[in-house]
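Reading through the structure tokens given below for one structure.
Residue numbers (my numbering): 3 to 479.
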């Protein structure tokens with residue numbers, strides 16, 4: 003299906019709940035060929051079609067992006083007619099909002115009772131994924147989701163999925179991986195379930211950790227706390243038993259990701275001149291890259307095969323939040339919402355002492371400090387970003403640019419950079435749509451690392467039995 007990639011490959015995959023295509027892009031870069039993506043959001047589907055072309059599978063097109071409407075018998079027959087008796091890989095990333103801590107809190111709040119998140123129908127979409135698995139019988143199955151699925155209403159949903167995949171005839175393993183381990187400039191933890199069909203006699207193996215740093219301290223991937231959430235250790239591989247390169251590299255940082263992008267200050271110019279400003283793609287010029295030496299990561303984002311960028315930077319404009327620009331300017335790197343409130347109160351106090359007739363609401367954000375400590379955060383250029391989420395579409399305050407001279411939250415292009423989407427990747431929709439697509443995505447560099455490992459195992463280059471040693475190195479038989 004990919005019109006940019008190499009069609010002379012014979013390892014095919016299908017991507018369920020594909021989002022904007024982060025997993026698809028990574029897998030194609032690893033050597034797989036996509037047969038199609040199932041995605042229900044129409045704007046996001048336009049992004050998929052722009053970057054990968056329309057799926058050739060009629061059974062998928064007829065479902066209009068709805069996984070629950072795909073006729074599996076027809077899909078299987080269509081694959082067989084194309085000479086694909088066995089799909090190589092099935093990928094599934096069901097909606098994570100009901101699994102995530104943020105999503106659970108929101109659902110409980112809306113429903114007025116704690117635990118309502120466990121009733122969210124999105125939390126049961128994994129059952130439809132199992133239907134795909136049992137009908138299509140792919141050689142390999144990959145499942146990605148947030149760590150929150152390890153405890154939903156007192157149940158470890160990931161363990162339930164593992165058990166059902168095992169019952170479908172697969173050798174299953176699960177772990178929690180951090181995207182930063184594989185070169186993504188962002189701390190992003192995700193549950194990964196990997197399964198090979200039993201007749202292949204292949205032991206699942208997770209990609210080798212190649213980047214590391216102290217920033218994982220306090221996270222699941224900074225220790226083995228996730229193991230405590232599993233009743234049966236048959237499936238779960240703790241972080242301490244993952245393979246690790248003999249010499250890991252330091253985590254890529256925010257500066258690596260954003261340092262070559264031009265500054266954006268049109269919002270400040272509009273504010274100083276009393277002009278109108280709108281966060282619309284068509285109203286802002288597309289600037290050129292900053293000339294000079296750039297990071298290895300920035301080069302990768304500009305030169306990704308099939309998605310090479312031209313000389314201009316697209317989707318590089320910020321949200322209009324005029325009350326807060328002066329606060330952003332005064333925040334230090336790493337500052338959070340309580341720090342921002344302190345700055346705002348100081349500005350308000352100074353204005354009153356100067357005799358200005360001002361309103362408190364014109365200076366001070368309305369959120370409670372005790373409930374929204376991390377609602378605002380200013381990025382630290384020398385460290386990886388914290389996790390990007392779809393909530394960026396609401397206000398973007400969770401990722402304020404580290405450069406005080408720019409005094410703003412990050413742009414859609416900067417968010418895409420932090421997720422390892424190449425600059426030549428095109429997003430459809432308005433600013434909010436793009437932030438949702440980026441925040442929900444699987445980072446392509448992350449999925450590429452997983453795909454390369456799966457393909458190595460699948461093609462027989464590493465067909466030996468793999469055990470995991472306590473030192474995180476492969477144990478020899």
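Glycine is no exception: its CB is placed at the ideal position from the N, C-alpha and C atoms.
Reference residue i; option with closest CA among the options
{"i": "residue 385", "options": "420, 378, 353, 377", "result": "420"}
{"i": "residue 51", "options": "305, 293, 38", "result": "38"}
{"i": "residue 97", "options": "427, 71, 89, 147", "result": "147"}
{"i": "residue 253", "options": "183, 298, 40", "result": "183"}
{"i": "residue 364", "options": "59, 351, 55", "result": "351"}
{"i": "residue 269", "options": "144, 410, 153, 76", "result": "410"}
{"i": "residue 344", "options": "323, 370, 355", "result": "370"}
{"i": "residue 306", "options": "379, 30, 12", "result": "30"}
{"i": "residue 399", "options": "338, 16, 20", "result": "338"}
{"i": "residue 188", "options": "209, 208, 197, 215", "result": "215"}
{"i": "residue 453", "options": "191, 244, 207", "result": "207"}
{"i": "residue 341", "options": "374, 83, 23", "result": "374"}
{"i": "residue 407", "options": "391, 287, 265", "result": "265"}
{"i": "residue 459", "options": "196, 135, 177, 85", "result": "196"}
{"i": "residue 176", "options": "127, 12, 231, 362", "result": "231"}
{"i": "residue 193", "options": "296, 161, 139, 429", "result": "161"}
{"i": "residue 393", "options": "379, 404, 441", "result": "441"}
{"i": "residue 451", "options": "213, 362, 163", "result": "213"}
{"i": "residue 135", "options": "157, 84, 163, 155", "result": "163"}
{"i": "residue 323", "options": "241, 237, 378", "result": "378"}
{"i": "residue 429", "options": "234, 283, 165", "result": "283"}
Coil, strand or helix - residue i by DSSP
{"i": "residue 214", "result": "strand"}
{"i": "residue 238", "result": "strand"}
{"i": "residue 334", "result": "coil"}
{"i": "residue 142", "result": "strand"}
{"i": "residue 252", "result": "strand"}
{"i": "residue 460", "result": "helix"}
{"i": "residue 82", "result": "helix"}
{"i": "residue 178", "result": "strand"}
{"i": "residue 52", "result": "helix"}
{"i": "residue 164", "result": "helix"}
{"i": "residue 130", "result": "helix"}
{"i": "residue 42", "result": "coil"}
{"i": "residue 219", "result": "coil"}
{"i": "residue 27", "result": "helix"}
{"i": "residue 420", "result": "helix"}
{"i": "residue 188", "result": "strand"}
{"i": "residue 147", "result": "strand"}
{"i": "residue 443", "result": "coil"}
{"i": "residue 35", "result": "strand"}
{"i": "residue 246", "result": "strand"}
{"i": "residue 412", "result": "coil"}
{"i": "residue 193", "result": "strand"}
{"i": "residue 404", "result": "coil"}
Residue i and residue j closer than 8 Å at C-beta
{"i": "residue 368", "j": "residue 346", "result": "no"}
{"i": "residue 179", "j": "residue 415", "result": "no"}
{"i": "residue 291", "j": "residue 313", "result": "yes"}
{"i": "residue 220", "j": "residue 200", "result": "no"}
{"i": "residue 412", "j": "residue 333", "result": "no"}
{"i": "residue 381", "j": "residue 186", "result": "no"}
{"i": "residue 89", "j": "residue 81", "result": "yes"}
{"i": "residue 95", "j": "residue 198", "result": "no"}
{"i": "residue 1", "j": "residue 93", "result": "Absent from the model: residue 1. The displayed extent of the chain is 3 to 479, so no value can be given."}
{"i": "residue 128", "j": "residue 159", "result": "yes"}
{"i": "residue 445", "j": "residue 272", "result": "no"}
{"i": "residue 427", "j": "residue 395", "result": "no"}
{"i": "residue 251", "j": "residue 210", "result": "no"}
{"i": "residue 425", "j": "residue 248", "result": "no"}
{"i": "residue 349", "j": "residue 328", "result": "yes"}
Rounded separation between residue i and residue j - CA only
{"i": "residue 372", "j": "residue 443", "result": "30 Å"}
{"i": "residue 150", "j": "residue 300", "result": "32 Å"}
{"i": "residue 423", "j": "residue 360", "result": "43 Å"}
{"i": "residue 439", "j": "residue 304", "result": "20 Å"}
{"i": "residue 75", "j": "residue 153", "result": "34 Å"}
{"i": "residue 79", "j": "residue 58", "result": "14 Å"}
{"i": "residue 203", "j": "residue 335", "result": "50 Å"}
{"i": "residue 132", "j": "residue 32", "result": "25 Å"}
{"i": "residue 279", "j": "residue 53", "result": "30 Å"}
{"i": "residue 61", "j": "residue 417", "result": "34 Å"}
{"i": "residue 40", "j": "residue 17", "result": "6 Å"}
{"i": "residue 167", "j": "residue 141", "result": "12 Å"}
{"i": "residue 277", "j": "residue 72", "result": "50 Å"}
{"i": "residue 267", "j": "residue 35", "result": "41 Å"}
{"i": "residue 23", "j": "residue 274", "result": "39 Å"}
{"i": "residue 191", "j": "residue 287", "result": "35 Å"}
{"i": "residue 15", "j": "residue 55", "result": "15 Å"}
{"i": "residue 223", "j": "residue 355", "result": "49 Å"}
Inset, instruction - Decide yes or no for the touch test of the segment 67 to 77 against the segment 43 to 59: beta carbon pairs closer than 8 Å, at least 3 of them. - result: Contact between the segment 67 to 77 and the segment 43 to 59 is present, because at least three Cβ pairs lie under 8 Å.
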